[in-house]
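Student: Per my numbering, the sequence shown runs over residues 53 to 457. In this text, a Cβ means the ideal position worked out from N, Cα and C, and glycines have one as well. In this text, all values refer to a predicted model and were calculated from it rather than measured experimentally.
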Amino acid sequence: MHAPLSASERSTLAQIGGRNAPIGALRAFVTLLVVAHHAVLTYHPYAPAPKAFDAQPILWTAFPIVDPQKFGGWGLLTLVNDLFFMSLMFFISGLFVADGLRAKGAGGFLKSRALRLGVPFVLAAGLLAPLAYFPAWLQSGGAPSFTAFAEAWTHLPFWPSGPAWFLWVLLAFGALFTAVYAMWPGVTDALGGLARGADARPGRFFSGLAAVSLMAYLPLAMTTPFGHWTMVGPFVVQTARIGHYFVYFLAGIAVGAAGVGQGLIDPDGKLAQRWWLWHLAPILPIVGAVATMIIAFSPNPPPRTLLDAFGGLMFCLSCATLSFAALATFLRFVRKTGPIGASLQANAYGMYLTHYVFTAWLGWLLLPQSWGGLAKGCIAFGGAVALSWLTTMVLRRMPLLGRIL
């Protein structure tokens, strides 16, 4: 990553386009998927009923508010999202690592990552997460008192950090890779060699990514409880996916080593040219993933080993095909963005950090309304996008936060 650009410079670059435009637009799109995901979980058809705030397992960390009005389509949306969107975020983040290390060196790069990721993590986990989860406390029957909430919060076995978990994991990945780079500066070129020729043969890189991510995912998936999260204070991560996420981060570094807009993510490459083929590729893996979920919760499921193996295969194939489909689509169709798109890209990071407060509180405020799960989900999504976007625009006018966001 080169020297940080000002807000006006980032906005101008996004509007005039260029080889980086598709990746910037894709990053903003995935951010919107994250906001949508958290907005509609309130109306998920299988969301667990609210329980006492300290009842085990603590499910309100995933479902801060549960509305009795449901919509089945939100279940499919969140399932498909969960198959790929965070992995793709790690891939996109990795794209800029090689350039950042070359421009700043190991020490400078790590310092910039600590400022860009570490400080927001502390603020998001320490301040925004409790604010976002206060409605969960209210729905669980807690008194409308911040003092009572704070006492209950501090007695939890961990510190729920909400979506901020992504920041500390990304910072840890970056620090680990930077340490390797400090000892072996050629590591970026070595990784880049793995992606060489991917512009002409994206299928080969896809096969390698799917295979390596499967090898990283299956051992943990088959030895830990389904959906298990490792929680140490505010540092939480989905246990089975940590290796899988690291593979996608490294894959992003490998592709980005040639320069953003080159190689696999060349807007004129084969991946972009065959975008329609990549739209077909996820269909069977997604069907397989859905079938696995249905069978797993059936009255007489097969042995867990078989379910974990097949489900893990479907997850990794779905993740890779959906990620490539998203990349191909944006590479093919995005050449530049207008003022609105440029603003969305410039504010996407801040929207990721702040949106959870708004999705939770909007879910709480909409509880008394009888508009149905579909309408409420759309309202919560639109409201959270608008409020987090506006909030970020205001925060970025502050000198210190403007440097970070």
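Use the C-beta contact count for F173: other C-beta atoms within 10 angstroms, 16 or more gives buried, fewer gives exposed.
Tutor: buried
Student: Give me, in chain order, the residues of the same chain whose beta-carbon lies closer than 8 Å to that of L190; leave out the 5 immediate sequence neighbours on both sides.
Tutor: Result list for L190: P196, W416, in chain order.
Student: Is V82 helix, strand or coil when you go by DSSP?
Tutor: For V82, the three-state secondary structure derived from DSSP is helix.
Student: From what residue to what residue does the beta strand (DSSP E) around Q290 run?
Tutor: 287 to 290
Student: Quick one: residues in its chain with C-beta nearer than 7 Å to the C-beta of M445, no 5 flanking neighbours on either side, listed in chain order?
Tutor: N399
Student: Answer yes or no: do Y185 and A333 have a C-beta to C-beta separation smaller than 8 Å?
Tutor: no
Student: Helix, strand or coil for M403? Go by DSSP, reduced to three states.
Tutor: Three-state DSSP puts M403 in a helix.
Student: Measuring CB to CB, does V171 end up less than 8 Å from V221?
Tutor: no
Student: Mind pulling the alpha helix (DSSP H) runs of 4 or more residues that sit fully within the region 187 to 236?
Tutor: Counting whole runs of 4 or more residues, the region 187 to 236 contains the alpha helix (DSSP H) stretches 198 to 206, 217 to 235.
Student: If you run the structure through DSSP and keep just helix, strand and coil, what is V284?
Tutor: strand
Student: Please tell me whether A306 and L246 are closer than 8 Å, where the distance is taken between their beta carbons.
Tutor: Less than 8 Å divides the Cβ of A306 from the Cβ of L246.
Student: Counting pairs of Cβ atoms below 8 Å between the region 334 to 352 and the region 305 to 322, do you hit three or more?
Tutor: The region 334 to 352 vs the region 305 to 322: no contact.
Student: Taking only three categories from DSSP, how would you classify L457?
Tutor: Looking at L457 - three-state DSSP - the assignment turns out to be coil, as it is neither helix nor strand.
Student: Taking only the alpha-carbon atoms, compute the straight-line gap between S370 and R79 and give it to the nearest angstrom.
Tutor: 19 Å
Student: Any idea what DSSP makes of K388, helix, strand or coil?
Tutor: coil
Student: Counting only the same chain and skipping the five closest in sequence on each side, list residues whose C-beta sits under 6 Å from that of Y233.
Tutor: L153, A158, V239
Student: Out of A99, G255, D318, which has the shortest C-alpha to C-alpha gap to I75?
Tutor: D318
Student: Look up Y98 in the DSSP assignment and say whether it is helix, strand or coil.
Tutor: Coil at Y98, not helix or strand.
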